[in-house]
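Q:
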Amino acid sequence: MSYEYIIDSYAWVEYFKGSNQGKIARDFIENKQSATSVITIAELSEKYEREQRKFDEDFSFIISQTKIIELNTELSILAGKINNENKKKIKNWGMADSIILATAKIKNAKVVTGDEHFRNLNSVMINV
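Per the working numbering, residue 109 is the first one in the sequence shown, and the count goes up by one each step.
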């Protein structure tokens, strides 16, 4: 199945905060044409743990609104290539960013985020 949008951690955080950026993200999150990478779930889980907040309710909402895209070998290989390339030119680029970007490329989707790492990747990003 194809999805138009991959929702990044940044967009989810803003959505749950109810910020202006979250209001922009809402249109992409609630349209039933979006997916979330499993790495985003790990990032959000870590953030909630760090802030000593419960993740269960927001996680349930995420899985009710978007398809969770699992990590597989095709995605992993592409993410490795993307990571090698982008670490050379984008400060603090990380493997999680590479997995999100690989997911979008494989799904022919756009990343919904406000993350500065994606700023110059306009062909794959919708800025919130």
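From the three backbone atoms N, C-alpha and C, an ideal C-beta is built for every residue, glycine too. Here the structure is a predicted model, which is why all the values come from computation and not from measurement.
Pick helix, strand or coil for Y111, following the three-state DSSP scheme.
A: Here residue 111 corresponds to residue number 3 of the sequence shown, with the count starting at 1. The answer is coil: DSSP assigns Y111 none of H, G, I, E or B.
Q: I need the straight-line Cα distance from R134 to L179, nearest angstrom please.
A: Residue numbering aside, residue 134 sits at position 26 when the sequence shown is read from its first letter. Residue numbering aside, residue 179 sits at position 71 when the sequence shown is read from its first letter. Roughly 25 Å between the two C-alpha positions.
Q: Residues in the same chain with beta-carbon distance under 6 Å from D205, minus the five sequence neighbours each way, listed in chain order, please.
A: Residue mapping note: residue 205 aligns to position 97 of the sequence shown, counting from 1. Excluding sequence neighbours, D205 sits near H225.
Q: On the CB-based measure, 16 or more other CB atoms within 10 Å of its CB, does D164 come out buried or exposed?
A: Looking up residue 164 in the sequence shown gives position 56. Counting Cβ neighbours within 10 Å, D164 comes out exposed, since fewer than 16 surround it.
Q: Going by beta carbon distance, what residues of the same chain come within less than 7 Å of Y123, once the five residues before and after it are set aside?
A: Looking up residue 123 in the sequence shown gives position 15. Only G130, A133, R134, I137 meet the Cβ criterion.
Q: Which of the three DSSP states, helix, strand or coil, is assigned to A119?
A: Looking up residue 119 in the sequence shown gives position 11. Annotated three-state conformation of A119 is helix, per DSSP.
Q: Could you check where the beta strand (DSSP E) with I220 kicks off and where it finishes?
A: One-based indexing of the sequence shown puts residue 220 at position 112. In the sequence as displayed, the identity of residue 220 is Val instead of Ile. Element bounds for V220: 218–221.
Q: S184 to A210, Cα distance in whole Å?
A: On the sequence shown, residue 184 is found 76 positions in, with the first residue counted as 1. On the sequence shown, residue 210 is found 102 positions in, with the first residue counted as 1. If you take the alpha carbons of S184 and A210, they lie about 8 Å apart.
Q: When the Cα of E182 is compared with those of A212, K175, E193, which residue comes out closest?
A: Numbered from its first residue, the sequence shown carries residue 182 at position 74. It is A212 whose Cα lies nearest to the Cα of E182.
Q: What are the boundary residues of the alpha helix (DSSP H) that includes S206?
A: For this step, residue 206 is matched to residue 98 along the sequence shown. From DSSP, the alpha helix (DSSP H) with S206 extends over 203–215.
Q: Indicate whether I115 and T148 have their beta-carbon atoms separated by less than 8 Å.
A: As a first step, residue 115 is located in the sequence shown; it is residue number 7 there, counting from the start. As a first step, residue 148 is located in the sequence shown; it is residue number 40 there, counting from the start. Yes.
Q: Quick one: which unbroken alpha helix (DSSP H) runs of 4-plus residues sit fully inside the region 155–183? Chain order, please.
A: 164–173
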